[in-house]
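Below is one structure, written out as structure tokens; comments come after it.
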Amino acid sequence: LKVFYPNLADTWPNDAGNAATYIMAENGTFDFSEYTGVKFYLKSSGQSYLKFLSGPVSPVGSPITLAAQPDGGWITLTFEECGLSAASLAKINGLLLKQGGITCYIDEIQLFAPATDDTLYGDVNNDGKVTSRDSLFLRQYLAGYDVSINMAAADAYKDSKINGKDVLLIRQYIAKYDVELGKPVGD
Numbered sequence: 192l193k194v195f196y197p198n199l200a201d202t203w204p205n206d207a208g209n210a211a212t213y214i215m216a217e218n219g220t221f222d223f224s225e226y227t228g229v230k231f232y233l234k235s236s237g238q239s240y241l242k243f244l245s246g247p248v249s250p251v252g253s254p255i256t257l258a259a260q261p262d263g264g265w266i267t268l269t270f271e272e273c274g275l276s277a278a279s280l281a282k283i284n285g286l287l288l289k290q291g292g293i294t295c296y297i298d299e300i301q302l303f304a305p306a307t308d309d310t311l312y313g314d315v316n317n318d319g320k321v322t323s324r325d326s327l328f329l330r331q332y333l334a335g336y337d338v339s340i341n342m343a344a345a346d347a348y349k350d351s352k353i354n355g356k357d358v359l360l361i362r363q364y365i366a367k368y369d370v371e372l373g374k375p376v377g378d
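Residue numbers (the numbering used here): 192 to 378.
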């Protein structure tokens, strides 16, 4: 997991009066292809846009439209949901979050990585075991609470989505049902 903490210098109104946050790799060498998605906290008065960049201004793929978040909320997107292929990820060295209204506040931008062979599926809170606390953390995350989770381990259903199916499977595992965490769907 790679976490960026944008500061005031990263957010400014551009010439059109729109607020924008740019996150760029140092020396253009950051490898987005090592990751599978992005999560960030957004508070905005109007519609926002997320663009992935190759260089300071060259977009890769189409901009992703984000709804207004007047009370603030966590946004989680997999790169697959953003329509980005492995080839296009290799070209990305930054991202732009832009808002068409007056206020736009972005905090704690996280990139999350795919599962590895040693991933303990269901260990959402990363404490080395699968317990009811993992189910609780995942339900809080899905409800929009400000909790940090292991995104790869949270995909217990292994369908590249984090949702109620994962919560259910983790709860069944804890209750000793005959289920397996992290087994690909259809196997």
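Here a beta-carbon is modelled for each residue, glycine too, at the ideal position from N, C-alpha and C. Being a predicted model, the structure only gives us computed values, none of them experimental.
**Q.** Inter-stretch contact (C-beta, 8 Å, three-pair minimum) for the region 361-373 and the region 311-326
**A.** Yes: the two stretches touch, three or more of their Cβ pairs being nearer than 8 Å.
Q: Look up THR269 in the DSSP assignment and give the residues it is bridged to.
A: GLY228
Q: Inspect the CB distances between the region 222-233 and the region 258-277 and report whether three or more fall short of 8 Å.
A: yes
**Q.** Burial state of GLY285 (16 or more Cβ within 10 Å)
**A.** buried
(Q) Let me confirm a value: TYR336 is counted as buried when at least 16 other C-beta atoms fall within 10 Å, else exposed. Which label applies? (A) exposed
Q: Following the continuous beta strand (DSSP E) through ILE255, name the residue where it begins and the one where it ends.
A: 250-257
Q: Kindly provide the ranges of any alpha helix (DSSP H) runs that are 4 or more residues long and lie completely inside the region 322-371, ordered along the chain.
A: 323-333, 342-345 and 355-365, all fully within the region 322-371.
Q: Take THR310 and list the residues in its own chain whose beta-carbon comes closer than 6 Å to its own, dropping the five residues that flank it on each side.
A: ALA343 and ALA344
Q. What residues match up with PHE243 in a beta bridge as DSSP calls it?
A. VAL251 and LEU286
**Q.** Where TYR152 falls, given that 16 or more other Cβ within 10 Å makes a residue buried
**A.** Any answer about residue 152 is impossible in this case: the structure gives the chain only from 192 up to 378.
(Q) Let's see if you can read the secondary structure: which residues bound the alpha helix (DSSP H) around ALA281? (A) ALA281 -> no alpha helix (DSSP H), and no H or E assigned at all.
Q: Count the other C-beta atoms from every protein chain shown that fall within 10 angstroms of the C-beta of LYS242, then say buried if there are 16 or more, exposed otherwise.
A: buried
(Q) Here's the rule I'm using: 16 or more other beta-carbon atoms within 10 Å means buried, otherwise exposed. How should LYS374 be labelled? (A) exposed
(Q) Spatial neighbours of SER279 within its chain, please: C-beta separation below 7 Å, excluding the five flanking residues on both sides. (A) VAL251 and GLY252
**Q.** Alpha-carbon spacing of ARG330 relative to ASP346, whole angstroms
**A.** When rounded, the distance between both Cα atoms is 13 Å.
Q) Applying the criterion that 16 or more other CB atoms from any shown protein chain within 10 Å of the CB defines a buried residue, is ASN341 buried or exposed? A) Buried, by the Cβ-count rule.
Q) Hey, how far is the Cα of LEU372 from the Cα of SER339? A) If you take the alpha carbons of LEU372 and SER339, they lie about 20 Å apart.
Q. Taking VAL370 as the reference, which of ASN354, GLN238 and TYR348 has the closest Cα?
A. TYR348
(Q) For ASN209 and ILE266, what's the separation of their Cα atoms in angstroms? (A) Because the pLDDT at ASN209 is just 47, under 50, the model does not fix this residue reliably, and the point stays unresolved.
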